[in-house]
Structures are given as C-alpha cells and as structure tokens.
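Convert by adding 35 to the 1-based position in the sequence shown; the result is the number in the working numbering.
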Amino acid sequence: MENPWTRIPKVAGAKVESKMVGMDDGWSIRVIQWVPENDSDSAPLVMVPGWNSVYEGWQDIVEEWAPKRRLTYIETREKGSAVSTGRAKKSDLSIRRSVEDLKTVISEFPEISSGSDWFASSLGATIILEALAERAFKPRSVALLAPNTSFDFPLWSRLLIMLPSFVYPPLVRLAILILDFKLKEEGQRIRYRRTLLASNVKRLRLSAMSQFAYKMKDEAISSIQDRIALLTAKSDSLHSDDAVVLLSERLPNSQLIEVPSNQFAHDAEVIPILEVFQDDN
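Structural data, given as structure tokens:
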C-alpha cells in the first residue's frame, strides 16, 4: 500500500505542490497546495485536518474544491509526514508548539494570512482557535468540526498512554476493535482504522500526553471576534455535542451547524453548507 505520508495527491483540474516547511526547533511539517488550472475569483481555502488524519479521509472534499479554489492543506507535526531531528519530546507535540508551527506556515504562505476560508477538525480546530485568540491571521471565515477546548481522557486511556511505546502495536489493533464496536458510522470507522494503521505511535503517545493538562482559557475564547461555524453531529460518539454547543455560547460571533453525521462533514456533500456560511458576509 502506498505510504499516505509521502504520497502527493493529484487532483484533476488543479496543479499540486508539496512543501516541507522548516521550524526553528529542527522539525519540518508538510504543506500541500492545489492551484486551479483555470483562474478563479473565489476566496482561497485552508484546511487543517484533525489528530493524525490521513489525506484519504478528506479526499472527497479536496477533489471537489481544488479545481475551483486555491487550497492549502496543512499537516500538523504528530502526523507521519513530519520530519524531526533528534528524539521527540512531549513538548514537541504540544498544542502551543503547533500554534507556532501555524504561524511559520503563514509566514511561508503569506497569501493565506488574510481573506481565506479556513476549515479544520478536532485537534486542527483547537490549534486554529488558539491561533485566532492570538490574532495570528485574519480569515474571511472559519468552519470547525468538533473542536476541543480541553481533552477529557478517561482514566483507563491515560494509563494506556503512559505505557512504554513498545507495547503499542498490539494496542493499536485492540483500539481498532474497540472503535469498530463503539462507532455507529461506517465511514467514521473506516477513517479511524486507516488513521491508526498509518500512525507514528511514538508521536501519538507524546501528543496525547501533552494534552492531558490542556484547557483553553475562557478569556482567550471570548476574545475571538472572527466569524466561526461550529459543525457538530449528535451521532458522533467520539466528540461531545454538548461541549460544542457550550463553546458556541462562549464564542461571540459563532454559528452552530448540525450535520447528519461526522462522516457527512468529510464528504463533498458538506461543501454547499460550508459555502453558504462562507459567503454570508
């Protein structure tokens, strides 16, 4: 099977370029950009996928959007596409570090610093919220799927995460079995199975450990004035619908959009819903 972290996905009707963006601590993360072959006056797009998400989980949306709008796709450093020098530490995989990475990417691609429509999910959405609180960029609009302002790991999962890395390969297989049982949506099961099998286990462990004590500050949330759509699905058993509703009440300029399922938000069917919000100035 082709390595999902080195493959450069081609899209009909668009030119694609993949670039490794270097950070000041020796890490590099991958940014993929598609540019339509035919000029378009539409606002550019920026996507920041969730925790360890592989491209295949977002392929339908990219293939629909990329021939029409310039699309910049940012892979955060817990993913297998990132390159590090030296041994990774917990602090290397923190949300704070990923916010700094995002600032570096914006400086490398200044065209996304203002006027773009942003779409992010889970961990990617959390990073976007923190960056917005620091006014790191000025979006035209932001759509966030299942963002987290804290990570409430159950005790059993914390104990598993603290185990040495060498025990993880069989645990990944166990996690796949648990998710197959727990998740109601077939598409979501397939995505998480693919994600876990492609994961860099050591990085995911450090990333999870770095999030144990994370909580976004209330004053940071209330300071965000940008237009934000919060996508949620009641059928999503991994992300709390109640938490997203509460977040919508704390964000001054947000709109709650309920979609049929988490999988729906990964399919091209969600694009008309997002574009209605994006164009509603």
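Yeah, the Cβ is synthetic: ideal placement off N, Cα and C, and Gly gets one too.
At a Cβ-Cβ threshold of 8 Å, residue 143 and residue 79 do not count as neighbours. In the three-state scheme derived from DSSP, where H, G and I count as helix and E and B as strand, residue 305 is classed as helix.
Counting the other Cβ atoms within 10 Å of the Cβ of residue 82 gives 16 or more, which makes it buried. Across the structure, residue 311 and residue 77 are spaced so that their CA atoms are roughly 13 Å apart.
Leaving aside the five residues that flank residue 282 on each side, the residues in its chain whose CB is nearer than 8 Å to its CB run, in chain order, 182, 184, 256, 265, 289. Beyond the five residues adjoining it in sequence on each side, residue 62 comes within less than 8 Å, by CB distance, of 112, 117, 118, 119, 120, 127, 136 in the same chain, given in chain order. For a cut-off of 8 Å, the C-beta gap from residue 42 to residue 110 is around 12 Å, too long to register as a contact. Beta bridge pairing from DSSP links residue 292 with 266. Excluding residues up to 5 positions away in sequence, 168 lie with their Cβ nearer than 6 Å to the Cβ of residue 258 in the same chain. In chain order, 85, 86, 181 place their CB closer than 6 Å to the CB of residue 157, counting only its own chain and leaving out the 5 sequence neighbours on each side. In the three-state scheme derived from DSSP, where H, G and I count as helix and E and B as strand, residue 76 is classed as coil.
Only residues of its own chain outside the window of five on either side were considered, and among them 186 have a CB closer than 6 Å to the CB of residue 246, listed in chain order. Per DSSP, residue 157 is not a residue of any beta strand (DSSP E); the alpha helix (DSSP H) it occupies stretches across 157-168.
Pairing residue 70 with residue 50 gives a Cβ-Cβ distance under 8 Å. Apart from the 5 residues on each side of it in sequence, residue 155 sits with its Cβ closer than 6 Å to the Cβ of 83, 163, 179 in its chain, given in chain order.
By DSSP's assignment, residue 57 forms a beta bridge with 63.
Linking residue 177 to residue 100 through their CA atoms gives a straight-line distance of about 16 Å. Where residue 286 is concerned, there is no enclosing beta strand (DSSP E), because DSSP gives it neither an H nor an E. Taken through DSSP and simplified to helix, strand or coil, residue 71 comes out as strand. DSSP places residue 47 in the coil class of the three-state scheme, outside both helix and strand.
In the structure shown, residue 129 adopts coil according to DSSP, grouped into three states. If you draw a 10 Å sphere on the C-beta of residue 254, you find fewer than 16 other C-beta atoms in it, and that means exposed. With a cutoff of 8 Å on beta-carbon distance, residue 104 and residue 75 are scored as near each other.
Here the C-alpha atom of residue 174 lies approximately 16 Å from the C-alpha atom of residue 139. Spanning the alpha carbons of residue 73 and residue 122 requires a straight line of approximately 44 Å.
Taking 8 Å as the upper bound for CB-CB distance, residue 102 and residue 159 are not in contact here, some 23 Å apart. Straight-line spacing of the CA atoms in residue 308 and residue 166 works out to 24 Å.
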